[in-house]
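K.L.:
Let me give you the structure first, and then I'll get to my questions.
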Amino acid sequence: MEQDNYIFFQDIYKSFSDKPVLQGLNLAIERGETLVILGRSGCGKSVTLKILLGLLYPDSGRVFLDGEEITGMSEKKLVEVRKKIGMLFQGSALFDSLTVGENVAFALAEHSDKTAAEIDEIVSNNLKFVEMEGTANLMPSELSGGMKKRVALARAMAYQPDILLYDEPTTGLDPITATTINALIRKTQREYGVTSIVVTHELDSGFSVADRAAVMENGRILEIGTIDAIKKSTHEFVRTFLAGPK
Amino acid sequence: MKAHFHWFLDFLHHVHGITEMFGRSLALSFIKPFYLRETVEQMYHIGFKSLSIVLMTSTFTGLVLAMQFGHEMSVFGAKMYTSSVLVVSLVRELGPVIISLVVAGRVGAGITAELGSMAVTEQIDAMRALGTNPYKKLAATRFLALSITLPLLVAIGDLCGMLGGWLVSVTSLGISSDYYWSNAAHYLFFSDIFAGLLKPFIFAMTIASISCYLGFSVTGGTKGVGEATTRSVVVSSILIFILDFLITKVTLGAI
Ligand SMILES: Nc1ncnc2c1ncn2[C@@H]1O[C@H](COP(=O)(O)OP(=O)(O)O)[C@@H](O)[C@H]1O
Ligand SMILES: [Mg+2]
């Protein structure tokens, strides 16, 4: 099965106890780009990201990553795939029983044969990258929402992933903090050249980091293209969505 | 009719989930990585921290049993056999059941609440995303820790119960200390001790499987965590009674 796109969702269907969420999702993502998926809450954005990570399995359809089909893979092989992908969860999902440093070190401590000193160095470099140096001994409960997102990004980057998934990275943050998080997303893509998928219902945030954008509704992609193309869309839902609240 | 059918499907779904959790935890307990540190930490949380409540409940059980048995049996002029009846019923029956119920309330609820809040805050997803198997790191470690510590807690509780019984026997039943212990030892067989420790081992695996399964499958935010925690205690308690009946039926006479 030849697949030229770096990441490709092919005709994905997914329901939860008879409630359809994804209904024929098709989506292609190029290597190195930042694609923003815009859509209302509950339209299936998080589910889409979790399917790419192999955390959820589609009812039908196939997902390809770098030419390899990941649907139907064994959990063991999926673990290898997940090492290429870092995910920033919506609520940050830091382990609240571990310190900030232990959170960032988690994947390395679990799976690499690096020494404690090497891991410490990676942890402090990653914390520095997200402008959180000196916080390694704090507990997640001592951090603000924006700081949690930064630590979660540092944790997701521990394995130097090729792909970063951001689930609502600015939702619930004040506008100034949101701006700094968006700046961090751009810095990450600039310095590491990662492929990024950002999922959000916030237009301004989305457009400020996107190379391309897609609009999702009812478990399908309605429109995908450059920001200009999206803004010129004639699709009725897309126009309503972009117009924002009246 | 349709409503009943749904209820039945739900029931089967949960039975399947609990059985699957049991199988997974058991199998993963023997597969690397072993997470020794987590297991020991869990043994401390589950075992050591339950010690005070286990000491309390079992000592008072022994006190009350001795009073009741002493009173009833003196009616038949069999007061001297108080300790044998007490010790055997304590070791075979009351120790395992009461302490397992206490642990299901304290530890089972704690496991469901902790894993449940990890599930609704996506920490379990995050763990999988970071390449770690949460069934191994979270469920199997608790399963193993509980299976080891509950029989130990029951053994300690049995001793406290016997001491409670002894206290009542010597102070208010007029039974001598020597007689209390020799009568107890004479009627307590190895098979009683074996059956009395087999039960908490099986109850431990049951409590762990139920509380981990219910914790992992929480949906619906903090409200869901609360509901699952309550359900965890209720389901574990009922199953302890049912399994106790079955194990007693099988072991009584056989061993
Ligand atoms: N694990 C799950 N079990 C049941 N329903 C789910 C699950 N995950 C998501 N859903 C449902 O799927 C729909 C889409 O969810 P989601 O992808 O999280 O939306 P969003 O676009 O806001 O991220 C929602 O209605 C949600 O309730
Ligand atoms: Mg979401």
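The listed protein sequences correspond, in order, to chains A and B.
In terms of this note's numbering, the first sequence is residues -10 to 235.
In terms of this note's numbering, the second sequence is residues 3 to 257.
Where a beta carbon is used, it is the ideal one built from N, C-alpha and C, also for glycine.
Which residues of the segment 131 to 153 of chain B have a Cβ closer than 9 Å to any Cβ of chain A? Give them in chain order.
P.N.:
Result list: Ala131, Leu132, Gly133, Thr134, Asn135, Lys139.
K.L.:
Across the segment 140 to 157 of chain B and the segment 166 to 176 of chain B, are there enough close Cβ pairs to call them in contact, namely three or more that are closer than 8 Å?
P.N.:
Flag = no, the segment 140 to 157 of chain B and the segment 166 to 176 of chain B do not touch.
K.L.:
Once DSSP output is grouped into helix, strand and coil, what is the label at Arg201 of chain A?
P.N.:
Of the three classes helix, strand and coil, the one that applies to Arg201 of chain A here is strand, per DSSP.
K.L.:
Between which two residues does the alpha helix (DSSP H) harbouring Met207 of chain B extend?
P.N.:
Looking at the DSSP string, the run of the alpha helix (DSSP H) that includes Met207 of chain B is 192 to 218.
K.L.:
Pick helix, strand or coil for Gly166 of chain B, following the three-state DSSP scheme.
P.N.:
Looking at Gly166 of chain B - three-state DSSP - the assignment turns out to be helix.
K.L.:
Chain B beta carbons: is any one of them nearer than 8 Å to that of Gln79 of chain A?
P.N.:
Cβ-Cβ to chain B under 8 Å: yes for Gln79 of chain A.
K.L.:
As a quick exercise: from A:Ile74, A:Ala141, A:Lys72, pick the residue whose alpha carbon is nearest that of Thr88 of chain A.
P.N.:
Ranking the options by Cα distance to Thr88 of chain A, first place goes to A:Ala141.
K.L.:
Mind listing, in chain order, the continuous alpha helix (DSSP H) runs of no fewer than 4 residues lying wholly within the segment 69 to 157 of chain A?
P.N.:
DSSP runs (the alpha helix (DSSP H)) wholly in the segment 69 to 157 of chain A: 89 to 100, 105 to 118, 134 to 145.
K.L.:
Take Gly19 of chain B and list the residues in its own chain whose beta-carbon comes closer than 6 Å to its own, dropping the five residues that flank it on each side.
P.N.:
Tyr215.
K.L.:
Near Gly107 of chain B, which residues of its chain fall below 7 Å by C-beta distance, leaving aside the five closest residues on each side in sequence?
P.N.:
So the qualifying residues of the chain are Val235.
K.L.:
Give every residue of the same chain whose Cβ lies closer than 6 Å to the Cβ of Ser60 of chain A, excluding the five residues on either side of it in the sequence, and list them in chain order.
P.N.:
Sequence check: residue 60 of chain A is Thr here, not Ser. Arg51, Val52, listed in sequence order.
K.L.:
Mapping the DSSP letters down to three states, classify Asn(-6) of chain A as helix, strand or coil.
P.N.:
Of the three classes helix, strand and coil, the one that applies to Asn(-6) of chain A here is coil, per DSSP.
K.L.:
So, for Ile34 of chain A: in the same chain, excluding its five sequence neighbours on each side, which residues have a beta-carbon less than 6 Å away from its beta-carbon?
P.N.:
Inspection of the sequence shows that residue 34 of chain A is occupied by Lys rather than by Ile. Excluding residues within five positions, the ones whose Cβ falls inside 6 Å are Ile26, Gly28, Val188.
K.L.:
Find the residues of chain A that neighbour Thr1 of chain B, judging by a C-beta separation of less than 8 Å, and give them in chain order.
P.N.:
Absent from the model: residue 1 of chain B. The displayed extent of chain B is 3 to 257, so no value can be given.
K.L.:
So which residues on chain A does Ala128 of chain B lean against when the C-beta distance must stay under 7 Å?
P.N.:
Correct list: Phe78, Ala82.
K.L.:
Near Ala141 of chain B, which residues of its chain fall below 6 Å by C-beta distance, leaving aside the five closest residues on each side in sequence?
P.N.:
Ser27, Cys214.
K.L.:
Who's in the neighbourhood of ligand 1, going by beta-carbon under 6 Å from any heavy atom, listed in chain order?
P.N.:
This criterion selects A:Phe5, A:Val10, A:Gly28, A:Ser30, A:Gly31, A:Cys32, A:Gly33, A:Lys34, A:Ser35, A:Val36, B:Thr221.
K.L.:
Can you pull out the residues from the segment 124 to 154 of chain A whose beta carbon lies closer than 7 Å to at least one beta carbon of chain B?
P.N.:
Cβ contacts with chain B come from no residue of the segment 124 to 154 of chain A.
K.L.:
I'd like to know whether the C-beta of His100 of chain A is nearer than 8 Å to at least one C-beta of chain B.
P.N.:
His100 of chain A counts as touching chain B.
K.L.:
DSSP state of Asn15 of chain A, grouped into three classes?
P.N.:
Looking at Asn15 of chain A - three-state DSSP - the assignment turns out to be strand.
K.L.:
Mapping DSSP to helix, strand and coil, what is Lys220 of chain A?
P.N.:
DSSP places Lys220 of chain A in helix when its eight states are reduced to three.
K.L.:
Suppose the cutoff is 6 Å on Cβ atoms and the five residues either side in sequence are ignored; what does the same chain contact list for Leu241 of chain B look like?
P.N.:
So the qualifying residues of the chain are Thr208.
K.L.:
Do Arg144 of chain A and Val93 of chain A have their beta-carbon atoms positioned less than 8 Å apart in this structure?
P.N.:
Yes; because the gap between Cβ atoms is below 8 Å, this pair is in contact.
K.L.:
Counting only C-beta atoms, is Leu11 of chain A closer than 8 Å to chain B at any point?
P.N.:
No, its Cβ sits nowhere closer than 8 Å to a Cβ of chain B.
K.L.:
CA-CA distance, Met(-10) of chain A and Leu54 of chain A?
P.N.:
Residue placement at Met(-10) of chain A is poorly supported in this model, since its pLDDT is 46, which falls under 50; the coordinates are not used for a value here.
K.L.:
In this structure, how does DSSP classify Glu212 of chain A when only helix, strand and coil are distinguished?
P.N.:
Reduced to three states, the DSSP call for Glu212 of chain A is strand.
K.L.:
Any heavy atom of ligand 2 within a distance shorter than 7 Å of the CB on Gln125 of chain B?
P.N.:
No, the Cβ of Gln125 of chain B stays beyond 7 Å of every heavy atom of ligand 2.
K.L.:
Is it the case that the CB of Glu157 of chain A approaches a heavy atom of ligand 2 more closely than 7 Å?
P.N.:
Yes, Cβ of Glu157 of chain A sits closer than 7 Å to a heavy atom of ligand 2.
K.L.:
I'd like to know whether the C-beta atoms of Arg71 of chain A and Gly163 of chain B end up nearer to each other than 8 Å.
P.N.:
Taking 8 Å as the Cβ cut-off, Arg71 of chain A and Gly163 of chain B do not qualify as a contacting pair.
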